[in-house]
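Asker: Pasting a structure below so you can have a look.
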Amino acid sequence: MHGDNGTAESLVRFKKELRQFMKLDELTPEMVHRFVDRIEVQADGSVNIHYKFAATALLTA
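In my numbering, the protein residues as written are 1 to 61.
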């Protein structure tokens, strides 16, 4: 088998955890720290959120 099976297993676990969080009605600081790398606020007030994962990876795994 080619590739890093540990990475694939980690992604599967991550997706399961993300699905559990999506069922909740509130956003806790724990969730933010788990999934968000950093949040940048620009001078014009716009916000850029940098996640710790690629959205396409969640869709394809």
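Where is the CB? At the ideal position from N, CA and C, for every residue including glycine.
Helix, strand or coil for Glu26 per DSSP?
Answerer: coil
Asker: Based on DSSP bridge pairs, tell me the residues matched to Val41.
Answerer: DSSP lists Val47 as partners of Val41.
Asker: Do you know offhand how far Asn48's Cα is from Val32's?
Answerer: If you take the alpha carbons of Asn48 and Val32, they lie about 14 Å apart.
Asker: Measuring only the C-alpha atoms, how far is Glu9 from Gly45?
Answerer: 38 Å
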